[in-house]
Ligand SMILES: [Zn+2]
Ligand SMILES: [Zn+2]
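In the working numbering, the protein residues as written are 1 to 261.
As structure tokens, then:
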């Protein structure tokens, strides 16, 4: 399994998961031409996506979706609530439900309900015979379903949105601070660290996602997670930039499993 990230945060989110000829795009939060260029960099040309999966309808996850669909005729998978908010051409849409696995060629995915201020938002488990990915970029509270997902994962992508001290002293108005810290907002570094403590023995890499440019810093997020690791936990921890190109591969014979370019 290969996983690519094109960046994660309030300016956009997009991930690619690929096994052999099967390729999923998870969220489409960058301009269409940017997504097309980066897909080509992954070796995925027009009409070669097997599926687009959308976690929720917020702008930073769907900004480039309608434009990208001009170059790919694959179905778009999302929950009933997300599809209702997206207003896409219905022939393209496939409704999915939390806790129900969906197989598309060589990959399977399972939406996991999350607490976030959107219309039926989900995180995802994505599995192939060689690896499993747990992807949770926007959530206010780590539920037992989220914890169960990261226990099984080889690669975990988990939100580490803000440092609590920077947020409290930062420039945001009070209503926005309350929204971010609510159970339906975004995970702090400390809350992300509690989730990472639950990662199981199959975990090889953790990507910290959706870092705020104003109220977080990569070194703070990584330190918060590292200092709370449980005994025996050893894996790579990488903060994702708002824009970047990251690749992870489950082929352990290769010398580098995680590359930030
Ligand atoms: Zn969101
Ligand atoms: Zn988001």
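Glycine included, C-beta positions come from ideal geometry on N, C-alpha and C.
For clarity, every value in this text was computed on a predicted model and none was experimentally measured.
State the Cα-Cα distance for the pair residue i and residue j, rounded to the nearest angstrom.
i           : j           : result
residue 166 : residue 104 : 42 Å
residue 120 : residue 220 : 31 Å
residue 36  : residue 58  : 20 Å
residue 123 : residue 109 : 10 Å
residue 174 : residue 40  : 42 Å
residue 80  : residue 86  : 10 Å
residue 228 : residue 198 : 11 Å
residue 168 : residue 177 : 7 Å
residue 70  : residue 32  : 9 Å
residue 211 : residue 62  : 18 Å
residue 132 : residue 151 : 10 Å
residue 164 : residue 155 : 26 Å
residue 158 : residue 230 : 17 Å
residue 130 : residue 172 : 43 Å
residue 55  : residue 112 : 9 Å
Given a threshold of 16 other Cβ atoms within 10 Å of its Cβ, counted over all protein chains shown, does residue i qualify as buried or as exposed?
i           : result
residue 1   : buried
residue 90  : exposed
residue 99  : exposed
residue 248 : buried
residue 251 : exposed
residue 101 : exposed
residue 8   : buried
residue 183 : exposed
residue 97  : exposed
residue 142 : buried
residue 64  : buried
Terminal residues of the continuous alpha helix (DSSP H) containing residue i?
i           : result
residue 181 : 174-181
residue 103 : Run containing residue 103: none in the alpha helix (DSSP H); it sits in the beta strand (DSSP E), 102-104.
residue 195 : 189-196
residue 147 : 144-152
residue 219 : 218-226
residue 229 : Taken as a continuous stretch (DSSP letters only), residue 229 belongs to no alpha helix (DSSP H), as it is neither H nor E.
residue 62  : 59-62
residue 66  : 65-68
Please name the residue or residues paired with residue i in a DSSP beta bridge.
i           : result
residue 120 : Its beta-bridge partners do not exist; DSSP assigns none.
residue 162 : 188
residue 79  : 96
residue 235 : Residue 235 is not bridged to any residue.
residue 8   : 13
residue 168 : For residue 168, which the question treats as bridged, DSSP gives no partner whatsoever.
residue 157 : 135, 207
residue 2   : 18, 249
My understanding is that residue i touches residue j, with C-beta atoms under 8 Å, so please give their C-beta distance in whole angstroms.
i           : j           : result
residue 73  : residue 106 : That pair is no contact at about 19 Å.
residue 19  : residue 25  : That belief does not hold up - the Cβ atoms of residue 19 and residue 25 are roughly 14 Å apart, past 8 Å.
residue 92  : residue 75  : 6 Å
residue 245 : residue 205 : That pair is no contact at about 16 Å.
residue 13  : residue 137 : 6 Å
residue 149 : residue 125 : 5 Å
residue 160 : residue 192 : 4 Å
Grab the span of the beta strand (DSSP E) containing residue i for me, first residue to last.
i           : result
residue 247 : 246-249
residue 111 : 107-113
residue 22  : 22-26
residue 265 : Nothing in the structure corresponds to residue 265, since the chain is present only between 1 and 261.
residue 51  : 51-53
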